[in-house]
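Visitor: The structure under discussion is supplied below as structure tokens; questions concerning it will follow.
Number of protein chains: 2
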Amino acid sequence: MKNLSEHSIQPLLQARWSPYAFDSGKTVDAEDLSSLFEAARWAMSAYNDQPWRYIVANRKTDSVLWEKILASLVEGNRSWAQYAPVLALGLVSPEFEKTGKPNATAMHDLGAASAFLTIEATARGLAVHQMSGILPDVIRTTFPAAGSLQPVTALAIGYAGANGELDEDIAMRDKRDRIRKPLSEILIHSSL
Amino acid sequence: MKNLSEHSIQPLLQARWSPYAFDSGKTVDAEDLSSLFEAARWAMSAYNDQPWRYIVANRKTDSVLWEKILASLVEGNRSWAQYAPVLALGLVSPEFEKTGKPNATAMHDLGAASAFLTIEATARGLAVHQMSGILPDVIRTTFPAAGSLQPVTALAIGYAGANGELDEDIAMRDKRDRIRKPLSEILIHSSL
């Protein structure tokens, strides 16, 4: 796997990637997992509203909750995420807590929190693969505590690794190079 | 400034904060600035669409572009962001490049990219203060290249520092503790 960087960046940011194959035999330590969500907690957010919410299950300690999260994914994601030892859902509170007004950047801020979580995971040798392919109606029915929250993402968390049980076509995805648009394409006006 | 963490996290994540006072006399090195946007480039995104786009100006090298970005902020943000040596805007491409279908998580993915950018900044001694208070209509008029992109955020980038010119009430904000909801509140179901 090659990373074609144009400028030097922190090794932790460079090392991060989203595997399809997880080592299903390697469980995730509870304290490591707590630190991942602790990292999310310290992200920045509009008016410090912290609109991010998570549902998280470690298969080792709560297989019932883990199965419920797995059932919240679209079938194409269940096919590989079923081997992840930890599954989570990312949701947002769509209104500011203080004012009740719509929070237009709630999803943006969830993205930042999950990025913090992912970097903490990378530092601990863990990998995170996020998905937008979820079943919001299933999530609202399965988790009444989700209430008026908006389900946005799912997160598969574990140790990347060879997984002989994984469909070969899916496993092959982990062999591909990481491709990115050139910096010149994402900077539409720049004085760099 | 206290950081009341419940679990240990990476020093870089813990150290990050959003200052109001920037040292306006300390300019940002061009290579440092390039690495910030390089870090954003390597974030994760739905279908690897990389919907994030930025407009960025280093006041030192392009004060005209920098002024245009400053004029894209709501007045309350201009009052303190005018001392930041670098200003940027964050926008998203609202449709997937490959299919033309709406990208429901484009803002989420911009949030992740800007989080990567912010962590790279922290590693280089820089600080980033993001804003949702922007003037989208002004941005679309000022920057025709923005086209159908959706303006979402602005980013003030520079070295945090005492700034005697800053309004005292605003400068006081940097003295406050960083407050976060307890982990138990953001984990609505958890097997941690």
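Protein sequences, first through last, are from chains A and B.
Heads up: the first sequence begins at 1 in our numbering, then just goes up one per residue.
Heads up: the second sequence begins at 1001 in our numbering, then just goes up one per residue.
Note that the Cβ used here is the ideal one computed from N, Cα and C, for glycine as well.
1. Would you check if there are 3 or more beta carbon pairs closer than 8 Å linking the region 176 to 192 of chain A to the region 1058 to 1074 of chain B?
2. Report back the beta-carbon spacing between Ala1071(B) and Phe1022(B) to the nearest angstrom; my notes put them in contact at under 8 Å.
3. Assign Ile1179(B) to buried or exposed, taking buried as 16 or more other Cβ atoms, counted over all protein chains shown, within 10 Å of its Cβ.
4. Anything in the region 1092 to 1111 of chain B with a Cβ closer than 8 Å to a Cβ of chain A? List those residues in chain order, please.
5. In the DSSP assignment, find the unbroken beta strand (DSSP E) run with Asn58(A) in it and report its ends.
6. Kindly indicate the opening and closing residues of the beta strand (DSSP E) around Thr1153(B).
7. Nearest to Ile1119(B) by CA position, among Tyr1020(B), Asp1032(B), Gly1100(B) and Lys1026(B), is which residue?
8. Output, in chain order, the set of chain B residues within a Cβ distance shorter than 8 Å of Phe143(A).
9. Evaluate the contact criterion for the region 120 to 128 of chain A versus the region 148 to 162 of chain A: three or more CB pairs, one atom per stretch, below 8 Å.
10. Lys26(A) CB to nearest chain B CB: under 8 Å?
11. Report yes if the CB atom of Asn58(A) is closer than 8 Å to the CB atom of Ala30(A), and no otherwise.
12. Quick check: what's the CA-CA separation for Ala81(A) versus Gly25(A)?
13. Please check the pair Ile55(A) and Ala106(A), which I expect to be a contact at CB under 8 Å, by giving their CB distance rounded to whole angstroms.
14. Helix or strand or just coil, what does DSSP make of Val92(A)?
15. In this structure, what does DSSP give as the bridge partners for Ser1190(B)?
16. Can you tell which of Pro1011(B), Met1172(B) and Pro1151(B) has its C-alpha closest to the C-alpha of Met1131(B)?
17. Under DSSP, the beta strand (DSSP E) around Ala1127(B) begins and ends at which residues?
18. Looking at the strands, I want to know which residues DSSP matches up with Val1086(B).
19. Measuring alpha carbon to alpha carbon, tell me which residue in Ile1139(B), Ala1115(B), Pro1011(B) and Thr1153(B) is nearest Ala104(A).
20. Let me make sure I understand the geometry here. Which of Ser1008(B), Pro1136(B) and Phe1116(B) has the alpha-carbon closest to that of Val1074(B)?
21. List, in chain order, every chain B residue whose beta-carbon is nearer than 7 Å to that of Gln130(A).
22. Please confirm whether Val1138(B) has its beta-carbon closer than 8 Å to some beta-carbon of chain A.
23. Tell me the rounded alpha-carbon separation between Glu185(A) and Pro144(A).
24. Relative to the alpha-carbon of Arg1173(B), which residue among Asn1163(B), Lys1181(B) and Gly1147(B) has its alpha-carbon at the smallest distance?
25. Classify Ile69(A) as buried or exposed, calling it buried when 16 or more other Cβ atoms lie within 10 Å of its own Cβ.
26. Who are the Cβ neighbours of Thr122(A) in its own chain at under 6 Å, not counting the five residues just before and after it?
27. Starting from Asp174(A), find everything on chain B with Cβ-Cβ shorter than 7 Å and list it in chain order.
28. Let me make sure I understand the geometry here. Which of Thr99(A), Leu117(A) and Trp66(A) has the alpha-carbon closest to that of Lys36(A)?
29. Looking at the unbroken alpha helix (DSSP H) that takes in Val138(A), where does it start and where does it end?
30. I need the DSSP call for Arg1178(B), collapsed to helix, strand or coil.
31. Can a CB atom of chain A be found closer than 8 Å to the CB of Gln1010(B)?
32. Give the single residue among Thr99(A), Asp169(A) and Ala43(A) whose Cα lies nearest to the Cα of Lys1181(B).
33. For Asp49(A), is the classification buried or exposed, using 16 other Cβ atoms within 10 angstroms of its Cβ as the cut-off for buried?
34. Which residues share a DSSP beta bridge with Pro1102(B)?
Guide: Short version:
1. yes
2. So it is not a contact: roughly 18 Å between Cβ atoms.
3. exposed
4. Ala1104, Thr1105, Met1107, His1108, Asp1109, Leu1110 and Gly1111
5. Trp52 to Asn58
6. Gln1150 to Gly1158
7. Asp1032(B)
8. Ile1188 and His1189
9. yes
10. no
11. yes
12. 14 Å
13. The Cβ separation is near 16 Å, so there is no contact.
14. strand
15. Val56(A)
16. Pro1151(B)
17. Ala1127 to Met1131
18. Asn1058(B) and Ile1157(B)
19. Thr1153(B)
20. Pro1136(B)
21. Met1044
22. no
23. 43 Å
24. Asn1163(B)
25. buried
26. Leu12, Ala15 and Arg16
27. Near Asp174(A) there are no residues of chain B at all, since even the closest Cβ is about 14 Å away, more than 7 Å.
28. Going by the sequence as given, residue 36(A) is Leu instead of Lys. Leu36(A) has its Cα closest to that of Leu117(A), out of Thr99(A), Leu117(A) and Trp66(A).
29. Pro136 to Thr142
30. strand
31. yes
32. Ala43(A)
33. buried
34. Glu1095(B)
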